[in-house]
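For reference, the structure discussed in these notes is given below.
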Ligand SMILES: [Zn+2]
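In this note's numbering, the protein residues as written are 522 to 824.
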């Protein structure tokens, strides 16, 4: 074998060696990225807290037979901030796209700097904000976690209230009641119809308060946890007397007195459930920014 051939073989070996290393590193990076995307170990602490609270609630509550998806979003302040920046051009409507952005992501591209600053401001200056949809989603403004730092049981109150909404199908029930009350009366104006629906929705909200309060009590939180949380929620809002603030909910005084009356009623009792929803099965997706749980039930609805 001459020197030329030896050199060639050496070169091929070298290329192969580096090829394998390169391929191996890429596979490793891919596996790590895949692991990181779904790993609950690397979730933001906000999601970890939600998981911890729902695990506790599920120990002695029936959380239904549907998966529930929790989404932490940029939050309500993004509505005004995106208008300020001219990012949201719609003057009259709610800037839902910006409110619902993933707050854990750094954005790139067009006006990324403005957008990232706005997200930071929404987190730092925002209030408690949460909502539930009959589709099985619970959304939480990221600022909620800042305002409620070291007040875990208050966060549990929010989650219990929203969880109750998912179980009750509130908008449908309120709408059905409205339909029953109005279908014979064709003279009603749109505004009158809206007012009737709003009153029915307020009943659903009050029910979610009572249901949430009992849910926490079942899960071994102190009896007055929900009441204290509700008082704090309104204190962090500040001004609460304006009529148009949240017409969907009963006003503060009504809400508090309903909760107090329920807590003092004999139906406010703890039972130990034979078939609670624990243990919950959890799935997380970092890229899509959601955390989902599946209650431990024998059967799931398939339609
Ligand atoms: Zn509600």
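Note that beta-carbon positions come from the ideal geometry of N, C-alpha and C, so glycine has one too.
Please state whether DSSP places residue i in a helix, a strand or coil.
| i | result |
| --- | --- |
| residue 812 | strand |
| residue 805 | strand |
| residue 654 | strand |
| residue 494 | Outside the displayed span of the chain (522 to 824) sits residue 494, for which this structure offers no information. |
| residue 788 | coil |
| residue 564 | coil |
| residue 693 | helix |
| residue 703 | helix |
| residue 584 | coil |
| residue 798 | coil |
| residue 525 | helix |
| residue 774 | helix |
| residue 596 | coil |
| residue 747 | helix |
| residue 686 | helix |
| residue 711 | helix |
| residue 607 | coil |
| residue 541 | helix |
| residue 630 | coil |
| residue 646 | helix |
| residue 614 | coil |
| residue 557 | helix |
| residue 698 | helix |
| residue 534 | helix |
| residue 574 | helix |
| residue 638 | helix |
| residue 676 | helix |
| residue 741 | coil |
| residue 759 | coil |
| residue 550 | helix |
Look at the Cβ atom of residue i, then the Cβ atom of residue j, and state whether they are nearer than 8 Å.
| i | j | result |
| --- | --- | --- |
| residue 814 | residue 801 | yes |
| residue 641 | residue 797 | no |
| residue 677 | residue 774 | no |
| residue 806 | residue 559 | yes |
| residue 568 | residue 593 | yes |
| residue 707 | residue 650 | no |
| residue 572 | residue 648 | no |
| residue 690 | residue 732 | no |
| residue 718 | residue 740 | no |
| residue 638 | residue 799 | no |
| residue 585 | residue 688 | yes |
| residue 595 | residue 619 | yes |
| residue 542 | residue 736 | no |
Judging by CA-CA distance, which residue of the options is the nearest neighbour of residue i?
| i | options | result |
| --- | --- | --- |
| residue 810 | 661, 739, 768 | 661 |
| residue 752 | 737, 743, 732, 780 | 780 |
| residue 724 | 615, 816, 770 | 770 |
| residue 817 | 534, 533, 546, 587 | 587 |
| residue 615 | 692, 602, 799 | 602 |
| residue 754 | 578, 634, 674 | 674 |
| residue 730 | 718, 741, 745 | 745 |
| residue 671 | 711, 606, 715, 750 | 750 |
| residue 654 | 610, 736, 682 | 682 |
| residue 645 | 632, 628, 634, 664 | 664 |
| residue 606 | 636, 803, 589, 713 | 636 |
| residue 622 | 643, 611, 533 | 643 |
| residue 589 | 624, 630, 659 | 659 |
| residue 702 | 714, 693, 692 | 714 |
| residue 783 | 760, 728, 762 | 728 |
| residue 699 | 721, 736, 556 | 721 |
| residue 656 | 692, 630, 668, 625 | 692 |
| residue 608 | 565, 776, 595, 631 | 631 |
| residue 599 | 625, 617, 667 | 617 |
| residue 777 | 792, 748, 667, 803 | 748 |
| residue 580 | 679, 554, 792 | 792 |
Based on DSSP bridge pairs, tell me the residues matched to residue i.
| i | result |
| --- | --- |
| residue 590 | 658, 813 |
Using 7 Å as the cut-off, classify the Cβ of residue i as near or not near the heavy atoms of ligand 3, replying yes or no.
| i | result |
| --- | --- |
| residue 749 | As for ligand 3, it is missing from this structure, which binds only ligand 1. |
Can you check whether the C-beta of residue i is within less than 8 Å of a C-beta belonging to chain C?
| i | result |
| --- | --- |
| residue 631 | Considering every chain present, this structure includes no chain C. It has just one protein chain. |
Listed by chain order, which residues have C-beta atoms less than 7 Å from any heavy atom of ligand 1?
-> Spelled out in chain order, the answer is 653, 682, 683, 686, 726, 729, 770.
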